[in-house]
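Beneath this line is the structure, given in structure tokens, with notes to follow.
Residue numbers (this note's numbering), protein chains in the order written: chain A, 1 to 114; chain B, 1001 to 1116.
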């Protein structure tokens, strides 16, 4: 199974950019890279996903390394509401394994300081 | 629009009792997933539905756990003869189509189950 590794925790100051790294050295060629976040007492929330090219949406940007063995979620201006656990997940293409195809690790706990 | 709705939001019950947890997915979402999250842990997959059928139930921890989905919409997760190790937050998610590689999952806020 493809795995991801992330730092356990990170800290940022409010209104500064945040770069959350994720390593996925065993990624397969057609695996998508997904990011979710989970605020306290809430279910996970989709943030962004990509395959090879960098992606932007209203929430964040995703920078994917050329060899795809790592990626970085970029929050351009952190707010207090961005304090959450951020999960980097690989969505594998084995269609016989739908459920196991969405494995959340411990994630990175982001603290935002005012 | 309405998101994924789960009920009850909290459930406290005695060991040995049966519990039933409900999930209302987003209208039109054909894929539905159940997960379990213990305190401070990541998500543990339980079961996946495509329509009313469950092509992947590999995550159900024991035969005390079962789930069904009717009308391609509401799903219920039933835990029989609850044990203390069943205490966790049970999360439901739905997605629009059956292409898990690039469809985001939309989660409810979960049911917090506490077994006394």
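C-beta: ideal position from N, C-alpha, C; glycine also.
What you are looking at is a predicted structure, and each value in this text was computed from that prediction instead of being measured.
Near chain B, meaning a CB-to-CB distance below 8 angstroms, the residues of the region 66-91 of chain A are 87, 91. Apart from the 5 residues on each side of it in sequence, residue 32(A) sits with its Cβ closer than 6 angstroms to the Cβ of 49, 51, 91 in its chain, given in chain order. Note that the C-beta distance between residue 1034(B) and residue 1026(B) is not below 8 angstroms. Residue-level contact check: residue 49(A) touches chain B, since one or more beta carbons of chain B fall below 8 angstroms from its beta carbon.
Residue range 84-91 is occupied by the beta strand (DSSP E) that includes residue 84(A). Contact residues of the region 1068-1092 of chain B toward chain A are 1091 (C-beta to C-beta distance below 7 angstroms).
One alpha carbon belongs to residue 1024(B), the other to residue 24(A), and they sit about 34 angstroms apart.
DSSP, read as helix, strand or coil, puts residue 81(A) in helix. Around the beta carbon of residue 1041(B), a 10 Å sphere encloses fewer than 16 other beta carbons of the protein chains shown; the residue is thus reported as exposed.
Taking a 10 Å sphere around the C-beta of residue 1012(B), we find fewer than 16 other C-beta atoms and assign the residue as exposed.
Between the region 1076-1084 of chain B and the region 100-110 of chain A, the count of C-beta pairs closer than 8 angstroms stays below three; the two stretches do not touch.
With respect to residue 1092(B), residue 1006(B) sits close: the two C-beta atoms are nearer than 8 angstroms. For residue 1043(B), the nearest CB of chain A lies under 8 angstroms from its own CB, placing it at the interface with that chain. Against residue 1109(B), the close residues of chain A are 41, 42, 43, in the order they occur along the chain (beta-carbon pairs closer than 8 angstroms). Nearest neighbour of residue 1039(B) by Cα position, chosen from 1075(B), 1086(B), 1018(B), turns out to be 1086(B).
In the same chain as residue 1020(B), and ignoring 5 residues on each side of it, the C-beta atoms closer than 7 angstroms to its own belong to 1076, 1078, in chain order. Using a CB distance cut-off of 8 angstroms, residue 1102(B) counts as an interface residue toward chain A.
Contacts with chain B at 8 angstroms (Cβ-Cβ) include residue 106(A).
When beta bridges are read from the DSSP output, residue 1049(B) appears opposite 1032(B). Residue burial annotation: residue 29(A) is exposed, with fewer than 16 other C-beta atoms found within 10 angstroms of its C-beta. Judged by DSSP in its simplified three-state form, residue 1084(B) adopts helix. With its beta carbon at least 8 angstroms from every one in chain A, residue 1029(B) lies outside the interface.
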